[in-house]
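Protein chains: 2
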Amino acid sequence: MSPHRTPDSSRRSDRSRRAIHEAALALVGEVGYARTTIEGIAARAGVGKQTIYRWWPSKAAVLLDAFLDMAARQAAEADASGGGGEGGIPDTGDLATDLKLVLRATVDELNDPATEAPTRALTAEGVVDPVLGAQFVESLLEPQLQLYVTRLRAGQESGEVRADVDPRVAVELLVAPLAHRWLLRTLPLTHAYADAVVDHALRGLSARG
Amino acid sequence: MSPHRTPDSSRRSDRSRRAIHEAALALVGEVGYARTTIEGIAARAGVGKQTIYRWWPSKAAVLLDAFLDMAARQAAEADASGGGGEGGIPDTGDLATDLKLVLRATVDELNDPATEAPTRALTAEGVVDPVLGAQFVESLLEPQLQLYVTRLRAGQESGEVRADVDPRVAVELLVAPLAHRWLLRTLPLTHAYADAVVDHALRGLSARG
DNA sequence: CGGACAAGACGATACGTACCGGACCGTGAC
DNA sequence: GTCACGGTCCGGTACGTATCGTCTTGTCCG
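First to last, the sequence lines map onto chains F and Z. The numbers in full-length UniProt numbering rise by one with no breaks, and the one at position 31 of the first sequence is 31. The numbers in full-length UniProt numbering rise by one with no breaks, and the one at position 42 of the second sequence is 42.
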């Protein structure tokens with residue numbers, strides 16, 4: 001394989017790293033992922049092309065790193081202002097309401113034009129490139145899904161949720177339909193749809209329980 | 001816009017069209033979508049590069065056409081052998097069993113290494129390119145989903161399915177989780193998972209109906 | 001201490017390669 | 001005669017590598 005040698009990381013320029021992240025996100029937002037080139041990122045960041053090739057194996061990897069950096073900074077921000085620093089799913093005792101609240105927020109986030117292009121590009125790249133996809137899932141998606149898992153487990157302990165369901169499977173029943181509509185653009189992704197998914201998932205489709 | 005002028009289609013070479021389809025599918029399967037080039041397809045098909053540019057606007061469009069051609073040929077084949085010529089979802093009166101049967105088949109199809117690379121490439125391209133995505137959904141995905149819709153509607157009339165569910169939403173509750181696992185590779189896509197999705201979707205997650 | 005020095009990451013640039021998308025042939029079928 | 005065909009050549013763009021001189025950093029000797 002290609003180990004993609006990473007040189008001594010202690011000597012790495014933080015200034016360049018940040019500039020590259022910023023330039024990558026900006027360019028993808030402006031001209032789209034396909035027309036964003038590594039040479040363009042380097043020029044925009046005021047950085048030598050080789051500096052990018054030295055630390056990243058691909059354009060997609062640069063973008064993923066930029067995303068993680070952004071997410072980490074946002075999390076730190078939320079931590080500082082929110083105080084408690086959890087970022088979990090609320091537990092009011094009413095599972096349906098809690099889920100609708102969070103899934104509606106997810107809908108708004110997915111529909112945000114500012115982040116749509118880079119997110120789509122990264123997801124699409126992950127669909128095709130298993131290595132990048134695994135990093136994407138592990139570092140961005142799975143932590144989010146685990147929040148749902150814990151909320152659902154709490155629901156099981158409080159008797160809200162059937163004891164015989166696998167929370168991990170249940171999460172996908174809730175999240176996958178939203179992701180499906182967003183990714184494939186089959187039908188509009190709305191709050192009403194999020195609510196419908198929650199209702200159907202919790203009550204089931206069968207007439208006779 | 002760019003009308004992408006298509007010349008006199010009556011004079012079009014069917015031989016070339018088929019050769020291009022075949023070469024495109026073969027190359028994507030062998031070297032992957034990213035490393036498949038239009039020049040490569042032309043060379044492999046024994047065709048002038050311009051013949052491809054004359055009839056298709058992009059590499060993805062060629063692949064989509066190849067897919068449609070393949071699907072049409074398979075449908076014709078099934079029609080000839082099956083006799084009845086429907087291709088719908090069986091209706092034994094037991095919805096869970098019927099759905100598991102079909103979704104298990106879908107799992108096998110998605111896990112088939114022969115078709116995986118081209119399908120992933122096409123889907124990923126559709127995620128990023130709205131025009132291609134719309135064609136993909138309209139010509140390949142939506143017809144499939146409609147089969148589920150009709151089966152679910154039949155279930156409503158027979159009393160198997162709650163009357164107050166939107167069949168179109170219900171379909172996504174069943175199909176999206178499979179698509180989600182396949183696209184993002186979060187966890188293995190197995191028959192057991194398909195069964196679990198059906199059970200959860202039909203019975204619901206709530207402890208109290 | 002502090003200056004010399006090696007290591008290595010940096011910005012920049014040049015290079016050969018690959019593919020794009022199109023222009024342009026001569027050929028052959030209708 | 002028309003026009004799509006297979007084939008070839010073209011300018012342009014981005015790739016990924018190599019290499020330049022510069023700058024920063026850590027070490028070692030006086």
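Idealized CB from N, CA, C, for every residue including glycine.
Can you confirm whether Val62 (chain Z), when its beta carbon is compared against all beta carbons of chain F, has any partner nearer than 8 angstroms?
Taking the first residue of the second sequence as position 1, residue 62 (chain Z) is located at position 62. By this cut-off, Val62 (chain Z) is not an interface position.
At the 8 angstroms Cβ level, is Arg120 (chain Z) part of the contact set with chain F, yes or no?
Taking the second sequence and counting its residues from 1, one reaches residue 120 (chain Z) at position 120. Chain F, which has a Cβ nearer than 8 angstroms to the Cβ of Arg120 (chain Z), makes this yes.
Using beta carbons (cut-off 8 angstroms, strictly below), is Gly29 (chain Z) in contact with chain F?
Taking the second sequence and counting its residues from 1, one reaches residue 29 (chain Z) at position 29. Chain F, which has no Cβ nearer than 8 angstroms to the Cβ of Gly29 (chain Z), makes this no.
Count the C-beta pairs between the segment 62–81 of chain Z and the segment 12–23 of chain Z that are closer than 8 angstroms, then say yes if the count reaches three, no if not.
yes
Please classify Tyr53 (chain F): is it buried, with 16 or more other beta-carbons within 10 angstroms of its beta-carbon, or exposed?
The count along the first sequence starts at 1 and reaches residue 53 (chain F) at position 53. When all chains shown are included, Tyr53 (chain F) counts as exposed.
Secondary structure at Leu206 (chain Z), three-state DSSP: helix, strand or coil?
For this step, residue 206 (chain Z) is matched to residue 206 along the second sequence. The question names Leu, yet the displayed sequence has Ser at residue 206 (chain Z). Strand.
Kindly indicate the opening and closing residues of the alpha helix (DSSP H) around Glu138 (chain Z).
Taking the second sequence and counting its residues from 1, one reaches residue 138 (chain Z) at position 138. Premise fails: Glu138 (chain Z) is in no alpha helix (DSSP H) and is neither H nor E.
Can you tell me which of the three DSSP states Val47 (chain F) falls into?
Along the first sequence, one-based indexing puts residue 47 (chain F) at 47. If DSSP states are grouped into helix, strand and coil, Val47 (chain F) belongs with coil.
Taking 8 angstroms as the CB-CB cut-off, is Ala124 (chain F) touching chain Z?
Counted from its first residue, the first sequence places residue 124 (chain F) at position 124. So yes, Ala124 (chain F) belongs to the interface.
Just the C-alpha distance for Ser139 (chain F) and Glu77 (chain F), rounded to the nearest angstrom, thanks.
Residue numbering aside, residue 139 (chain F) sits at position 139 when the first sequence is read from its first letter. Residue numbering aside, residue 77 (chain F) sits at position 77 when the first sequence is read from its first letter. Approximately 18 angstroms between the Cα atoms of the pair.
With 8 angstroms as the threshold, decide whether the Cβ of Pro3 (chain Z) is near any Cβ in chain F.
As a working note, residue 3 (chain Z) is residue 3 in the second sequence. Bear in mind that a pLDDT of 43 at Pro3 (chain Z), under 50, signals an unreliable position, so the number given afterwards is only what the model happens to contain. So no, Pro3 (chain Z) is outside the interface.
Here's the rule: buried if 16 or more other CB atoms are within 10 angstroms of the residue's CB, otherwise exposed. What is Gly204 (chain F)?
Counted from its first residue, the first sequence places residue 204 (chain F) at position 204. By the neighbour-count rule (16 or more Cβ atoms within 10 Å), Gly204 (chain F) is buried.
DSSP beta-bridge partners for Val161 (chain Z)?
Stepping through the second sequence from its first residue, residue 161 (chain Z) is reached at position 161. According to DSSP, which records beta bridges pairwise, Val161 (chain Z) is partnered with F:Ser206.
Helix, strand or coil, according to DSSP, for Gly93 (chain Z) in the structure here?
Sequence index remark: in the second sequence, residue 93 (chain Z) carries index 93 (1-based). Note: Gly93 (chain Z) maps to coil in three-state DSSP.
If we define contact as Cβ-Cβ less than 8 angstroms, is Gly93 (chain F) a contact residue for chain Z?
The count along the first sequence starts at 1 and reaches residue 93 (chain F) at position 93. No, no contact with chain Z.
Could you tell me whether the Cβ atoms of Ala43 (chain Z) and Pro177 (chain F) are closer together than 8 angstroms?
As a first step, residue 43 (chain Z) must be located in the second sequence, where it is residue number 43. As a first step, residue 177 (chain F) must be located in the first sequence, where it is residue number 177. Not in contact: Ala43 (chain Z) and Pro177 (chain F) (Cβ atoms no closer than 8 angstroms).
CB-CB length for Val149 (chain Z) against Arg185 (chain F), believed under 8 angstroms:
Position 149 of the second sequence, counted from the first residue, corresponds to residue 149 (chain Z). Position 185 of the first sequence, counted from the first residue, corresponds to residue 185 (chain F). About 18 angstroms; that fails the 8 angstroms criterion.
Step through the CB atoms of chain Z and report whether any lies within less than 8 angstroms of the CB of Ser58 (chain F).
In the first sequence, counting from the first residue as 1, residue 58 (chain F) sits at position 58. Judged by the 8 angstroms Cβ criterion, Ser58 (chain F) is not in contact with chain Z.
Looking only at its chain, what residues have a beta carbon closer than 6 angstroms to the beta carbon of Arg104 (chain Z), apart from the 5 residues adjacent to it on each side?
Numbered from 1 along the second sequence, position 104 holds the residue referred to as residue 104 (chain Z). Excluding sequence neighbours, Arg104 (chain Z) sits near His191 and Ala194.
Give me the Cβ distance between Glu142 (chain F) and His180 (chain Z), rounded to the nearest whole Å; I'm assuming they're in contact under 8 angstroms.
Taking the first residue of the first sequence as 1, we reach residue 142 (chain F) at position 142. Taking the first residue of the second sequence as 1, we reach residue 180 (chain Z) at position 180. That pair is no contact at about 13 angstroms.
Quick one: which chain F residues come within Cβ less than 7 angstroms of His200 (chain Z)?
Residue mapping note: residue 200 (chain Z) aligns to position 200 of the second sequence, counting from 1. By Cβ distance, chain F contributes Val165, Val169, Ala170 and Leu173.
Simplified DSSP assignment, three categories, for Pro167 (chain F):
Within the first sequence, numbered from 1, the residue matching residue 167 (chain F) stands at position 167. Pro167 (chain F) falls in the helix class under three-state DSSP.
What residues from chain F crowd round Ala207 (chain Z), counting only those whose CB sits closer than 7 angstroms?
Position 207 of the second sequence, counting from 1, holds the residue named residue 207 (chain Z). Correct list: Gly159, Glu160, Val161 and Arg162.
Beta-carbon gap between Val128 (chain F) and Arg120 (chain Z) smaller than 8 angstroms
The sequence position of residue 128 (chain F) within the first sequence is 128, counting from 1. The sequence position of residue 120 (chain Z) within the second sequence is 120, counting from 1. Cβ atoms of Val128 (chain F) and Arg120 (chain Z): closer than 8 angstroms.
Considering Ala24 (chain Z), what are the terminal residues of the alpha helix (DSSP H) in which it resides?
Position 24 of the second sequence, counted from the first residue, corresponds to residue 24 (chain Z). Run containing Ala24 (chain Z): Asp14 to Val31, per the alpha helix (DSSP H) assignment.
Report buried or exposed for Ser2 (chain F), applying the criterion of at least 16 other Cβ atoms within 10 angstroms of its Cβ.
To locate residue 2 (chain F), count along the first sequence from 1; it is residue 2. Bear in mind that a pLDDT of 39 at Ser2 (chain F), under 50, signals an unreliable position, so the number given afterwards is only what the model happens to contain. Exposed, because fewer than 16 other Cβ atoms sit within 10 Å of the Cβ of Ser2 (chain F).
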